[in-house]
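By this note's numbering, the letter at position 11 of the sequence shown is numbered 14, and the numbering carries on one by one without gaps.
The beta-carbon is built from N, C-alpha and C at its ideal position, and this holds for glycine as well.
Written out below as structure tokens is the structure these notes cover.
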Amino acid sequence: MFQDMLRGAPTEIDAICGAVVEAGEQTGVLTPVNRTLWRLVRAAVNGDRLSVISNQTGTDTDHVSRVTKHENSHHTR
């Protein structure tokens, strides 16, 4: 995908992460990691540096950290 971005070619982000996000929305399953990756890549492709920066420091990544910690606590029991 990074090579696609370097070439200015379309990426597969919608087919890969976007599909997971959409399936999660349809089934009520949270997909914070895929949603964040999807937003970051789409913002980078569109040249929206401010959006990329805010997504890296905003609530989405905070939510990902909380979900990851929660999931890890269940795996260690």
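Between the alpha carbons of L43 and N49 lies a gap of roughly 10 Å. The continuous alpha helix (DSSP H) containing E28 extends over residues 22-30. The three-state secondary structure of M8, taken from DSSP, is helix. By the neighbour-count criterion, in which a residue is buried when 16 or more other Cβ atoms sit within 10 angstroms of its Cβ, R10 is exposed. Of A46, Q29, V23, F5, the smallest CA-CA separation from P35 is found for V23.
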